[in-house]
Amino acid sequence: MADWTIWATFLTLGSAAAILVTYLLCGVRIEQTHNRVLLLEKEIELMRAREEANDRKLTKIFDAVTALRDTTEEHLDKLRERLDQLRAEGYLASS
61 MADWTIWATF
71 LTLGSAAAIL
81 VTYLLCGVRI
91 EQTHNRVLLL
101 EKEIELMRAR
111 EEANDRKLTK
121 IFDAVTALRD
131 TTEEHLDKLR
141 ERLDQLRAEG
151 YLASS
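In the working numbering, the protein residues as written are 61 to 155.
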């Protein structure tokens, strides 16, 4: 009977050691995963900040291009009016 209790004790101690090692390894792995998640969250936040900065820059560029287009259209309208005047003057002078 003493044989049986010794084997049961070894089995219990072995199981306890296996559970302890598993707990420690899983704890380390969980901590590594947690740190990786935190790092990824920081990277995502930085990417969002960069994206917002790029959006602001693109908005400024779009506003500048729109203003340039408007100015160019106004200038072209003035040139067309002046060309029409010159044509009218040339037509009157040739008549």
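All C-beta atoms, glycine included, are put in the ideal place defined by N, C-alpha and C.
All figures in this text were calculated on a predicted structure; none of them were measured in a lab.
- The C-alpha of A68 is placed about 15 Å away from the C-alpha of A78.
- Within the region 67-104, no complete alpha helix (DSSP H) segment of 4 residues or longer occurs.
- Counting only the Cα atoms, A127 lies some 12 Å from H135.
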